[in-house]
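Residue numbers (this note's numbering): 80 to 655.
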C-alpha cells in the first residue's frame, strides 16, 4: 500500500481513539481490513527506515529495554505552524463597486442562537403581490437531511488551524473526542454580552493565532452570507441577484443602551462578511485556514469602507408581528409575542392597528403597530435550558453522578447529542438513549414534564407573561376586558413555539392584578400565508422573523405606546 494513502487511512483511525478516565486510550468499533493493511504498511516503512539508521547495539553487559510505544495510543498531535496573517489575499470588492441595486426585493437575515435563517421577498407593484422565498440554506450547507431551510449556528477550529462551520463544525468537533477543543455554538451571545473584544479561550482556539470573539462572529457571518449567496443563485431563477442585494437583519431584544451599539456593529460585520464571502468563496465550506481568513480581514480593514446594501435592522418580535399581518385588510388587536428561541425567551406586547383606505391600500397615517411601553422582557430559560434539564434528568435516571469513574466521557457524549434526544422525546413521546458506558435509559415525555425542574421552566414562562401584563399601563388590559369579543392574542414563535409549556400560555385566562384576562392563541400559521404559501406552514414558527423583516411594509421602532390611543410617535408602519 502507498505510504501516503496509509497515512490518510490511519489519520481517520486516529480520530476515533478516545481517552478514558484513567488516562489510557480506547478505540471503539472494529478495525477495518484497509486500516489493518495501512498499519502494516506504515510499520514496515518504519522498520526499513530504522534498519537503515540503526545504531550499533549496546554491549551485552549493559542491556537496554526499549520504551514501549503504541501507534494507536499516541497522544493528540500538536497544532501545526499556521501561516502568517501577513500573506496576501486578493480581495473581491465587487459588492462595494456595483451600481446601486434595485429596491423591489430584499433579504432579511435572522442570525439565530441554534439555527440561522434568511427570507427573500420580491414586490410586484402592479398586483401588490409579494413573492416570498425562504432560502434553502441547508443545501449549500450540506445539511438538508437536518433541515432544508436552516443553517446550524456553529463554528469549530481544529488543531490544524482550519475553521469549520455548521454541520461540518459538529462533525469535526465530534471527531476530536478528547474534549481538549470544543465547538462554539451560542455565537450570538457574544453580541448581547458585549464581549466581542474578549480573547478566544484555548478550548475554542487550539492555534497560536491571537483572535477575539469578534473574529469568530465575523467568520460565521461570512459563512452565513456565503450560504445566502449560494441559495440565491439556486432559488431565484428568474433573475440574477447582484452581490450588493439589499438586506436587513434581525436584532435580538437587547437592553436599549446596548442595542444601538450592537446594531451598528452588526451593520459593519455583515458588510465585511459579504466581502469575505466573495473573496474566499467555496474555501469557506472546505476547511477555512484561520490564517487566510485573518489576512483577508486585515487587508479589508486597512481602508475605511461603507456598506450601503446593509439597509438596517428589525427587532425579532417586530419581525414576527410583521409576518402576522396581510397588510390587505383592517386589523385591530393587542398581541403578546413570545419568542422561545435556543438561548432566550423574549416577551413583547404590541398594539396593532392596520387601516385600509378606499383604494384597498394601507393607510400609513392611520396605521400603527407599537410596542407597549415597559413590556419587553427576556429570560434565559429557553431551548438550551431545556437541553440542560434533559441531560441532568437522563444522568439522574441512570444514577450517574460526578463520582462515576467515566462521568466526564458519559456527560460529554450525552451533551453532544442532547438536542437530537430532545427532539425525539417531544416529537414521539419517548426517547431511548445508549450512554457512553453502554448503559441504557428510556425517558417518556410525561415523566420529564412532571420533573420539578421542568415545571419550574413552565412556571418561569407563565410568571414572565404575568409580569409583562402587570407592568404596562392598566388601560391596555382594560381595553381587552371592556369588550367581550376581544382577547389578548398570544403569538408563539421561535424553535420552542410547539413545546407543551409554551402552548399552555395561550390555553387559559391569565390572572392580571387578581382579575382574569381572556387570551387566545394566534393562528399558528397566518391566514394570508395559508392562502398564498401553504407549503410554509411547517416552517413558519422558525422563519417568521426573517419573513416579516423582508417584507415591503415593516414595523419600525420609533418609540413606544404609552396608551391605547397612541399612534404617531410609536412604532408606525414604514417602508425601507
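Backbone N, C-alpha and C fix where the C-beta goes; we use that ideal spot for every residue, glycine too.
Of all the options the options, which has the alpha carbon lying nearest to the alpha carbon of residue i?
i	options	result
residue 571	631, 584, 560, 562	584
residue 43	568, 549, 420, 426	This structure gives no information on residue 43, because the portion of the chain shown stretches from 80 to 655.
residue 661	373, 423, 540	Since the first residue shown for the chain is 80 and the last is 655, residue 661 is missing from the structure and cannot be characterised.
residue 372	236, 561, 602	236
residue 205	223, 183, 213	183
residue 460	534, 281, 263, 228	534
residue 575	603, 561, 631	603
residue 497	551, 295, 386, 466	466
residue 248	208, 287, 268, 295	295
residue 390	167, 405, 285, 630	630
residue 417	208, 581, 197, 213	581
residue 232	297, 286, 274, 475	297
residue 370	286, 344, 403	286
residue 374	293, 167, 632, 593	167
Give the straight-line distance between the Cα atoms of residue i and residue j, rounded to the nearest whole angstrom.
i	j	result
residue 129	residue 517	Legend: pLDDT at residue 129 = 43, less than 50; position of this residue unreliable, value from coordinates given subsequently. Each residue's Cα considered, the two are about 41 angstroms apart.
residue 253	residue 397	37 angstroms
residue 621	residue 399	10 angstroms
residue 190	residue 329	7 angstroms
residue 449	residue 415	12 angstroms
residue 376	residue 613	42 angstroms
residue 311	residue 219	11 angstroms
residue 488	residue 514	9 angstroms
residue 250	residue 262	10 angstroms
residue 229	residue 618	10 angstroms
residue 545	residue 589	7 angstroms
residue 565	residue 559	5 angstroms
residue 198	residue 207	18 angstroms
residue 196	residue 309	14 angstroms
residue 160	residue 495	Here the model assigns residue 160 a pLDDT of 47, short of 50, so the residue's position is not dependable, and the following value carries that caveat. Between residue 160 and residue 495, the C-alpha separation is close to 29 angstroms.
residue 456	residue 239	43 angstroms
residue 102	residue 337	For residue 102, the predicted structure reports a pLDDT of 45, less than 50, and the residue's modelled location is therefore unreliable. A value from the coordinates is still provided. Computed Cα separation, rounded: 45 angstroms.
residue 478	residue 623	41 angstroms
residue 451	residue 557	14 angstroms
residue 202	residue 401	16 angstroms
residue 628	residue 226	21 angstroms
residue 346	residue 386	8 angstroms
residue 524	residue 469	10 angstroms
residue 388	residue 284	32 angstroms
residue 367	residue 348	18 angstroms
What residue does the alpha helix (DSSP H) around residue i start on, and which one ends it?
i	result
residue 580	579-582
residue 375	369-379
residue 249	245-254
residue 554	553-560
residue 507	497-507
residue 312	292-314
residue 624	619-628
Starting from residue i, follow its DSSP beta bridges and name the residues at the other end.
i	result
residue 430	413, 449
residue 407	Its beta-bridge partners do not exist; DSSP assigns none.
residue 424	419, 458
residue 600	569
residue 211	200
residue 218	None, per the DSSP bridge assignment.
residue 605	According to DSSP, which records beta bridges pairwise, residue 605 is partnered with nothing at all.
residue 327	187, 391
residue 194	231
residue 236	242
residue 511	521
residue 263	234
residue 594	591
Are the CB atoms of residue j and residue i within a distance shorter than 8 angstroms?
i	j	result
residue 547	residue 567	no
residue 454	residue 431	no
residue 512	residue 500	yes
residue 188	residue 326	yes
residue 352	residue 304	yes
residue 522	residue 504	yes
residue 307	residue 200	no
residue 551	residue 569	no
residue 177	residue 321	yes
residue 267	residue 192	yes
residue 211	residue 302	no
residue 458	residue 543	yes
residue 170	residue 378	yes
Taking residue i as part of the beta strand (DSSP E), name the residues at either end of that continuous run.
i	result
residue 549	From DSSP, residue 549 is part of no beta strand (DSSP E) but of the alpha helix (DSSP H) over 531-550.
residue 177	Unbroken run through residue 177: none, as it is neither H nor E.
residue 590	589-591
residue 521	519-523
Quick one: is residue i near chain B, going by C-beta distance under 8 angstroms?
i	result
residue 120	No chain B appears in this structure, which consists of one protein chain only.
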